[in-house]
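Here is the structure we will look at.
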Amino acid sequence: MSSVFKEKETVQLLKKLVEIPSPSGYTKEIMNFMASLLDNMHVSYQQSNKGALIATIEGKDNSKHRLLTAHTDTLGAMVKEIKGSGRLKLSMIGGFNWNAVEGEYCHIHTASGKKVRGTILMHQTTVHVYKNAGSAERNVENIEVRIDEKVTNAEETKALGIEVGDFVSFDPRFEQVESGFIKSRHLDDKASTALLLQLIASIKENDLKLPYTTHFYISNNEEIGYGGNSNIPDEVVEYIAVDMGAIGDGQTSDEYTVSICAKDSSGPYHYELTRHLVELAKQQGIEYKLDIYPYYGSDASAAIRAGFDVKHALFGPGIEASHAYERTHIDSLKHTSALLEAYVLSPMETE
Numbered sequence: 009m010s011s012v013f014k015e016k017e018t019v020q021l022l023k024k025l026v027e028i029p030s031p032s033g034y035t036k037e038i039m040n041f042m043a044s045l046l047d048n049m050h051v052s053y054q055q056s057n058k059g060a061l062i063a064t065i066e067g068k069d070n071s072k073h074r075l076l077t078a079h080t081d082t083l084g085a086m087v088k089e090i091k092g093s094g095r096l097k098l099s100m101i102g103g104f105n106w107n108a109v110e111g112e113y114c115h116i117h118t119a120s121g122k123k124v125r126g127t128i129l130m131h132q133t134t135v136h137v138y139k140n141a142g143s144a145e146r147n148v149e150n151i152e153v154r155i156d157e158k159v160t161n162a163e164e165t166k167a168l169g170i171e172v173g174d175f176v177s178f179d180p181r182f183e184q185v186e187s188g189f190i191k192s193r194h195l196d197d198k199a200s201t202a203l204l205l206q207l208i209a210s211i212k213e214n215d216l217k218l219p220y221t222t223h224f225y226i227s228n229n230e231e232i233g234y235g236g237n238s239n240i241p242d243e244v245v246e247y248i249a250v251d252m253g254a255i256g257d258g259q260t261s262d263e264y265t266v267s268i269c270a271k272d273s274s275g276p277y278h279y280e281l282t283r284h285l286v287e288l289a290k291q292q293g294i295e296y297k298l299d300i301y302p303y304y305g306s307d308a309s310a311a312i313r314a315g316f317d318v319k320h321a322l323f324g325p326g327i328e329a330s331h332a333y334e335r336t337h338i339d340s341l342k343h344t345s346a347l348l349e350a351y352v353l354s355p356m357e358t359e
């Protein structure tokens, strides 16, 4: 099993990551935080014009490269309209259902840097007034933000500095319980990001020499479909997306193992590279599940669509209730960490 995984440090880092607001399009703060971590580890990196970070650790073989990616951007929203009541209508960022954020506390991030608190609610919330409070459709017309300021009309809301296009972030509600479960919004994909950072730290601390030059691509636009599909070095042969495993009826993934994806909505992942991951798991005693995700796409599939000539694969921790109140178990993080370490130290699947 992995020598990389340090439970306490991993959980502390994950908590820090989920508590930094970073809906897609509003990721400067978290990417600056990521850059500071890489600086502290003395790892060289480049930043793309889109804001992604690509850290590189040179290996014994510099002619063939590997790339692993995880993303820091999350679901969120933007102010679509300031209603006559002074409340806000929202436009989604990322693919979630409105019922998944109903009742959530949030921040409205104004252009001046001021953050205003609010609550995401149905317009017809009050059961003593609205007969259809329970049955009204949860949609863009009925969901609104109640602002925690004394506002009764649009002009008063605008006077706070709030305007159309402001970002809205959801409170993560991070919690670790004694049974080993970790509950929080935005485990997708900050759990994997924390694991990649821990892997980089272990490589540096233990002065490990990787068999191949390896890039760690921290993307910031995955939830809107194009996080890791540019700036991929020409030498990259293998591209691994480290992202959540989806759990539900008909799925094999669970919260206790690493989930290896054979196929998602974009089609099959590279068969031989996927089998290489499975064989590594078997050899190392890593508990895993193979799965197919019917409504899913990753930065690896985005890179393939962009035309990059790479072998692509996908694995990550199993996450319950994706794009809602997410949960995983420390065991899943542990097994994902172990597979990450086994992979970066292994020969390429063709050798």
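Using the numbering used here, read the sequence shown as starting at 9 and increasing by one per residue. Where a beta carbon is used, it is the ideal one built from N, C-alpha and C, also for glycine.
Check: Under 7 angstroms between C-beta atoms of His-73 and Glu-243; Outcome: yes
Check: Ile-101 vs Ser-32 beta-carbon contact at 7 angstroms; Outcome: yes
Check: Bridge partners - Leu-129, DSSP secondary structure assignment; Outcome: Glu-152
Check: Nearest residue (CA-CA) to Val-159, options Leu-96, Asn-147, Ala-141, Leu-76; Outcome: Leu-96
Check: Where the beta strand (DSSP E) through Ala-85 begins and ends; Outcome: 84-90
Check: Buried versus exposed, by CB contacts within 10 Å (16 or more), Val-12; Outcome: buried
Check: Which listed residue (Ala-311, Ala-209, Ser-345) has its alpha carbon closest to that of Met-49; Outcome: Ala-209
Check: Ser-56 versus His-278, Gly-293, Ser-227, Ser-340, residue with shortest Cα-Cα distance; Outcome: Ser-227
Check: Segments assigned beta strand (DSSP E), at least 3 residues, entirely inside the stretch 92-119; Outcome: 96-101, 113-117
Check: Opposing strand residues paired with Ala-78 [DSSP bridges]; Outcome: Ile-226
Check: Where Met-9 sits in the DSSP three-state scheme; Outcome: Only weak support exists for where Met-9 lies, its pLDDT of 46 falling under 50; the value from the coordinates is given anyway. In the structure shown, Met-9 sits in coil (DSSP, three-state: anything other than H, G, I, E or B).
Check: Glu-280, buried or exposed, once every other Cβ within 10 Å from all chains shown has been counted against 16; Outcome: exposed
Check: Sufficient close CB pairs (3 or more, under 8 angstroms) joining the stretch 54-70 to the stretch 178-186; Outcome: no
Check: Segment limits, beta strand (DSSP E) that includes Asp-242; Outcome: Premise fails: Asp-242 is in no beta strand (DSSP E) and is neither H nor E.
Check: Meets three-Cβ-pair contact criterion under 8 angstroms: the stretch 323-331 and the stretch 245-261; Outcome: yes
Check: Secondary structure of His-73, DSSP reduced to three states; Outcome: strand
Check: Straight-line gap, Leu-75 to Glu-349 (C-alpha atoms, nearest Å); Outcome: 13 angstroms
Check: Residue(s) in a DSSP beta bridge with Thr-322; Outcome: Note on identity: in this sequence residue 322 is Leu, with Thr being the wrong assignment. According to DSSP, Leu-322 bridges with Ala-249, Cys-269.
Check: For Arg-335, the three-state DSSP class (helix, strand or coil); Outcome: strand
Check: Cβ neighbours of Met-9 in the same chain (closer than 6 angstroms, five flanking residues each side left out); Outcome: With a pLDDT of 46 at Met-9, under the threshold of 50, the modelled position of that residue is not reliable, and the figure given next carries that caveat. If we look at Met-9 and ignore the five residues flanking it on each side, its Cβ neighbours are Ala-346.
Check: Reference Tyr-296; option with closest CA among His-223, Val-266, Lys-212; Outcome: Val-266
Check: Nonlocal neighbours in the same chain, by C-beta distance under 6 angstroms from Leu-129, ignoring five residues either side; Outcome: Arg-154
Check: Whether Glu-231 touches His-337 by CB criterion (7 angstroms); Outcome: no
Check: CB contact flag (Ala-311, Tyr-247, <7 angstroms); Outcome: yes
Check: Residue from Glu-37, Asn-70, Glu-149 with nearest C-alpha to Trp-106; Outcome: Glu-149
Check: Per-residue burial, Tyr-5 [other beta carbons within 10 Å of its own, 16 or more giving buried]; Outcome: Outside the shown range of the chain (9 to 359) lies residue 5, about which nothing can therefore be said.
Check: Spatial neighbours of Thr-260 in its chain, beta-carbon cut-off 6 angstroms, leaving aside the 5 residues before and after; Outcome: Lys-297, Asp-299
Check: Length of the line joining the Cα atoms of Val-374 and Thr-118; Outcome: Residue 374 cannot be examined here, being either before or after the span of the chain that is shown, 9 to 359.
Check: Distance, Ala-202 Cα to Ser-99 Cα; Outcome: 29 angstroms
Check: Integer-rounded CB distance, given that Thr-222 should sit under 8 angstroms from Gly-67; Outcome: 6 angstroms
Check: Cβ-Cβ distance between Ser-306 and Ala-249 below 7 angstroms; Outcome: yes
Check: Status (buried if at least 16 other CB within 10 Å, exposed otherwise) for Ser-143; Outcome: exposed
Check: Whole-angstrom distance between Thr-127 and Tyr-113, CA atom to CA atom; Outcome: 4 angstroms
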